[in-house]
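Under numbering that gives the first Met the number 0, the residue at position 520 of the sequence shown is numbered 519, and the numbers go up by one with no gaps.
Comments concern the structure below.
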Amino acid sequence: MLKPIDGCPTGFKEGIIKQTIRGTGTSDIYHLDSENGMIYFTHKFCTKPKTTEQEATAQWGRGQYCILSYGGSCPDGFKDGVVGFDNMQKPEVLKHPIPDSQHDKNLVLHVCCREDGSWKDPLILPTKEAFVLFQKGDECQEVKDMMSSSEWFLIDNDFTGLDKIEGLVPEIEVIRASKYYIGICYYWPINYSMTYTYIYFSIEFNSPVGSHVELDFQSFDIELREDDSCGDSLEVRTGLPGQLGINYCGDTFKPTVMSEQNYLGLIFTSGPEVTKRGFKAKLSVIRRLCYDKFYDCYQLQQTNAQFCSSSNHSAKFGCRKTCGFCAKRHSKAGKTNNCAFVDKNGLWVGTSCNAAKYIAVICKFSPSERMVCADAHPNCARILEREQSACMAYPEFSWHLCPQSCAVCKRGPEIKCARPLDGQNTVELTGKREVTVGRMFEYRCKKGYIHSEGNLRRVCLKSGKLSGDIPKCISEHSIPTANNAIELRQRRQDGRDGTAYVGLNDAQRIPKNGLLVRWMFYSIYDGEVALQVWRKLPGSGRKIKLKLIGQTVVSNTKDHRVHTVSLAPKSHQIVVKEGDYIGFFLPTENKGGMTFDKCNSDIDGAYYGHQYSANGENANNWRLGGSYLFSKDKMSCKKVSLTAYVL
Numbered sequence: 000m001l002k003p004i005d006g007c008p009t010g011f012k013e014g015i016i017k018q019t020i021r022g023t024g025t026s027d028i029y030h031l032d033s034e035n036g037m038i039y040f041t042h043k044f045c046t047k048p049k050t051t052e053q054e055a056t057a058q059w060g061r062g063q064y065c066i067l068s069y070g071g072s073c074p075d076g077f078k079d080g081v082v083g084f085d086n087m088q089k090p091e092v093l094k095h096p097i098p099d100s101q102h103d104k105n106l107v108l109h110v111c112c113r114e115d116g117s118w119k120d121p122l123i124l125p126t127k128e129a130f131v132l133f134q135k136g137d138e139c140q141e142v143k144d145m146m147s148s149s150e151w152f153l154i155d156n157d158f159t160g161l162d163k164i165e166g167l168v169p170e171i172e173v174i175r176a177s178k179y180y181i182g183i184c185y186y187w188p189i190n191y192s193m194t195y196t197y198i199y200f201s202i203e204f205n206s207p208v209g210s211h212v213e214l215d216f217q218s219f220d221i222e223l224r225e226d227d228s229c230g231d232s233l234e235v236r237t238g239l240p241g242q243l244g245i246n247y248c249g250d251t252f253k254p255t256v257m258s259e260q261n262y263l264g265l266i267f268t269s270g271p272e273v274t275k276r277g278f279k280a281k282l283s284v285i286r287r288l289c290y291d292k293f294y295d296c297y298q299l300q301q302t303n304a305q306f307c308s309s310s311n312h313s314a315k316f317g318c319r320k321t322c323g324f325c326a327k328r329h330s331k332a333g334k335t336n337n338c339a340f341v342d343k344n345g346l347w348v349g350t351s352c353n354a355a356k357y358i359a360v361i362c363k364f365s366p367s368e369r370m371v372c373a374d375a376h377p378n379c380a381r382i383l384e385r386e387q388s389a390c391m392a393y394p395e396f397s398w399h400l401c402p403q404s405c406a407v408c409k410r411g412p413e414i415k416c417a418r419p420l421d422g423q424n425t426v427e428l429t430g431k432r433e434v435t436v437g438r439m440f441e442y443r444c445k446k447g448y449i450h451s452e453g454n455l456r457r458v459c460l461k462s463g464k465l466s467g468d469i470p471k472c473i474s475e476h477s478i479p480t481a482n483n484a485i486e487l488r489q490r491r492q493d494g495r496d497g498t499a500y501v502g503l504n505d506a507q508r509i510p511k512n513g514l515l516v517r518w519m520f521y522s523i524y525d526g527e528v529a530l531q532v533w534r535k536l537p538g539s540g541r542k543i544k545l546k547l548i549g550q551t552v553v554s555n556t557k558d559h560r561v562h563t564v565s566l567a568p569k570s571h572q573i574v575v576k577e578g579d580y581i582g583f584f585l586p587t588e589n590k591g592g593m594t595f596d597k598c599n600s601d602i603d604g605a606y607y608g609h610q611y612s613a614n615g616e617n618a619n620n621w622r623l624g625g626s627y628l629f630s631k632d633k634m635s636c637k638k639v640s641l642t643a644y645v646l
């Protein structure tokens with residue numbers, strides 16, 4: 000988004016592009032933090048390079064508004080658009096990160112717009128800080144709990160005819176073919192009065208990821224009017240930040256409220272005629288499988304000192320959290336007194352005759368056969384062609400998204416794919432003559448050969464055909480050899496600053512003796528990275544000792560692109576041996592956007608697992624030929640968009 004004069008919202012980073020044009024201008028009321036000269040306009044952007052898992056699941060609401068594209072595509076519900084300016088000189092990128100754009104000759108911004116709702120229907124967005132949206136239509140999109148101001152800025156393009164407007168774009172008034180009046184909407188939070196005539200407070204609670212927040216009302220006295228409307232109210236928000244909650248008043252609700260995720264918000268309002276006492280409540284962090292089934296456990300405990308005794312089956316069943324009966328360690332395999340589960344044969348395990356009196360939780364339940372066997376995702380075949388192990392590695396993907404393509408449903412004749420002829424200079428690893436839908440044949444190149452074309456993994460599709468093409472391997476000395484076949488693209492996560500990463504796996508292993516002549520990687524934002532080659536030294540344990548064989552420092556990794564680093568002259572090339580491993584280091588200052596995905600160690604551990612890391616401040620901390628201790632990284636399996644070429 001464009002940067003307001005209040006600064007970027009929390010979690011966003013500033014980026015700057017300066018363009019030279021024939022003239023500029025702004026509305027009288029103007030809240031953008033831009034620098035406007037006679038013949039230049041400096042755009043300042045607010046970009047969020049990282050999102051949490053919770054933020055990644057949030058959805059933009061319907062309405063009439065536009066944002067800037069980032070990450071190569073628009074969010075669901077938006078349509079692409081392009082606004083191109085005709086500049087007098089080449090634009091200057093003064094600071095990263097920046098939104099999706101071209102700026103080699105003229106500035107071209109990629110926008111994401113939607114007009115699938117009414118501007119009158121309030122949009123639910125974070126409301127703590129000011130922000131800016133592009134205007135789409137005659138009015139600013141309403142945002143709940145925010146005030147807005149309709150404004151504009153002017154870009155007067157050059158006369159070479161290279162300016163353009165394509166697709167769905169913001170509100171732009173074009174005057175005399177070259178003057179772009181671009182509409183924007185500035186939003187700022189509503190400031191509620193805090194005088195004696197009106198009481199308002201808002202508070203948010205966040206617990207660790209994977210847990211929930213429980214709100215227990217110990218007393219509640221908020222006015223409910225005769226017409227069933229709330230005189231005063233307590234809004235309880237149990238969804239994501241910014242989403243609407245439920246107003247509580249009167250006494251017709253349960254006194255215990257559980258958040259949907261690890262966030263709970265409270266907004267209390269009271270008018271001048273206060274006749275009630277308000278409320279008192281207790282907040283608790285609820286761990287997985289540790290909660291109360293009874294809503295009045297607190298009251299039961301207060302009125303009966305013996306209620307939480309170990310002999311009280313009611314307490315063990317309904318008040319596990321309040322009475323402290325939650326299991327605090329793993330049970331032995333197949334044995335548990337804290338929960339029941341169903342084994343693969345459909346039989347209950349871990350129960351006794353009176354189990355129903357005290358067992359409150361089912362630990363594991365084998366799902367019954369699906370009633371509907373149809374893929375929920377329209378492109379399951381395309382997904383499997385890209386991630387051949389998806390059916391085996393991700394059970395949730397198989398069960399919920401692509402049950403038919405992964406052969407979850409055991410109905411009708413079983414579809415199988417026969418093993419084709421082995422490719423040139425390849426060895427098939429499964430040893431099977433045929434595989435069922437969702438399973439795959441896997442190949443490797445014979446020693447002394449490298450993969451040149453086709454696919455080393457071929458999954459059986461529901462059509463009865465194998466994905467991909469027959470693999471082919473050629474002599475490793477004919478061309479520079481890529482040490483892996485990883486697709487170099489944007490992935491979900493980036494690394495920690497001040498950290499060196501290396502994986503002792505097939506994907507990061509050097510395949511032969513020779514010279515490392517080229518690096519290729521994908522970067523999601525500009526910065527510095529040191530690409531490294533390591534050699535394992537004797538020893539074992541939780542820490543390993545590695546020797547630094549070579550290092551290439553890349554000062555500018557570029558923004559959202561595949562970056563190729565050719566090592567020339569020959570003195571810059573790195574002498575490597577078969578069995579060395581590649582990795583990367585991110586400095587504490589100005590780290591580059593190296594990107595990777597988390598994977599399943601049980602399925603892909605040999606190829607992407609055995610990940611280690613070590614700490615440092617900058618690339619100069621790593622001495623060629625030096626030995627360093629690495630510890631097991633918390634993320635034990637990673638698909639890193641990084642490839643080395645060895646000649």
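Just so you know, even glycine gets a beta-carbon here, dropped at the ideal spot from N, CA and C.
Everything numeric in this text was worked out from a predicted model, so none of it was measured.
Short of 7 Å in beta carbon distance, which residues of its chain neighbour residue i, apart from the five on each side in sequence? Order them along the chain.
i, result
"Met634", "Lys597, Gln610"
"Glu452", "Lys471"
"Phe216", "Pro254, Phe278, Ala280"
Measuring only between beta-carbons, confirm whether residue i sits less than 8 Å from chain C.
i, result
"Val110", "Looking at the structure shown, chain C is missing, and only one protein chain is on hand."
Going by beta carbon distance, what residues of the same chain come within less than 6 Å of residue i, once the five residues before and after it are set aside?
i, result
"Cys390", "Ser397, Cys405, Gly437"
"Pro366", "With a pLDDT of 49 at Pro366, under the threshold of 50, the predicted position of this residue should be treated as unreliable, though the coordinate-derived value follows. Closer than 6 Å at the Cβ level, and outside the excluded window around Pro366, lies no residue."
"Asp5", "Ala129"
"Thr9", "none"
"Cys45", "Met0, Lys2, Cys7, Phe11"
"Gly22", "Asp155"
"Val131", "Met0, Leu1, Pro3, Ile183, Tyr185"
"Glu234", "Gly244, Asn246, Ile266"
"Cys296", "Cys318, Thr321"
"Lys415", "Glu433, Thr435"
Using a Cβ-Cβ cut-off of 8 Å (strictly less than) and excluding sequence neighbours within five positions of residue i, which residues of its own chain qualify?
i, result
"Pro431", "One detail in the question is off: residue 431 reads as Lys in this sequence, not Pro. For Lys431, where only same-chain residues beyond five positions count, the Cβ hits under 8 Å are Arg418, Phe440."
"Arg443", "Thr425, Val426, Leu428, Leu455"
"Gly116", "Gly60, Arg61, Gly62, Gln63"
"His376", "Ile382, Leu400, Cys401"
"Asp157", "Ile20, Arg21, Asp85, Asn86, Met87, Ser177"
"Arg224", "Gly230"
"Ile16", "Thr41, His42, Phe44, Pro90, Glu91, Val92, Leu93, Ile97, Ser100, His102, Leu106"
So if DSSP puts residue i in a beta bridge, which residue, or which two residues, is it bridged to?
i, result
"Ser595", "Correcting the residue type first, residue 595 is Phe in the shown sequence and not Ser. Phe595 pairs with Gln492, Val639."
"Trp187", "Met146"
"Asp27", "None; Asp27 has no bridge partner."
"Gln63", "Glu114"
"Lys43", "Ile15"
"Glu225", "Bridge partners of Glu225: none, in fact."
"Asn246", "Glu234"
"Cys647", "The displayed coordinates of the chain run from 0 to 646. Any statement about residue 647 would go beyond what the structure contains."
"Phe293", "Paired residue(s): none; Phe293 is not in a bridge."
Exposed or buried, what is residue i when buried is set at 16 or more other beta-carbons lying within 10 Å of its beta-carbon?
i, result
"Leu420", "exposed"
"Ser218", "exposed"
"Arg319", "buried"
"Asp85", "buried"
"Ala529", "buried"
"Glu203", "exposed"
"Ser522", "buried"
"Gln260", "buried"
"Asn483", "buried"
"Asp120", "exposed"
"Arg385", "exposed"
"Glu213", "buried"
Is there at least one non-hydrogen atom of the ligand MG closer than 7 Å to the beta-carbon of residue i?
i, result
"Ile221", "In terms of ligand content, the structure shown is empty, and the ligand MG therefore cannot be addressed."
**OP:** Please specify which runs of the beta strand (DSSP E), each continuous and at least 3 residues long, are wholly inside the segment 514 to 574, giving them in chain order.
**Re:** 528 to 535, 542 to 553, 560 to 565
**OP:** Just list the alpha helix (DSSP H) runs in the segment 300 to 327, keeping only unbroken ones of 4 residues or longer that don't cross its boundaries, in chain order.
**Re:** If only uninterrupted alpha helix (DSSP H) runs of at least 4 residues are considered, those enclosed by the segment 300 to 327 are 312 to 317.
Original post:
Does the segment 588 to 595 come close enough to the segment 545 to 557 to have 3 or more Cβ pairs within less than 8 Å?
Top reply: yes
Subject >> Inter-stretch contact (C-beta, 8 Å, three-pair minimum) for the segment 94 to 104 and the segment 166 to 182 >> reply: no
Original post:
Is there contact between the segment 105 to 115 and the segment 86 to 93, where contact requires at least three CB pairs shorter than 8 Å?
Top reply: yes
**OP:** Check whether the segment 147 to 159 touches the segment 20 to 30, taking contact to mean three or more Cβ pairs, one atom from each stretch, closer than 8 Å.
**Re:** yes
**OP:** Flag this pair as touching only if the segment 613 to 624 and the segment 503 to 520 have three or more C-beta atom pairs under 8 Å; answer yes or no.
**Re:** Here the segment 613 to 624 makes no contact with the segment 503 to 520; the two share fewer than three CB pairs at distances below 8 Å.
Original post:
Which runs of the beta strand (DSSP E) spanning at least 3 residues fall entirely within the segment 122 to 167, listed in chain order?
Top reply: 130 to 134, 145 to 155, 163 to 166
Subject >> Sequence ranges, alpha helix (DSSP H) only - wholly within the segment 377 to 429, length at least 4 >> reply: 379 to 385, 389 to 392
**OP:** For the segment 494 to 502 and the segment 464 to 479, state whether three or more C-beta atom pairs, one from each stretch, are separated by less than 8 Å.
**Re:** no
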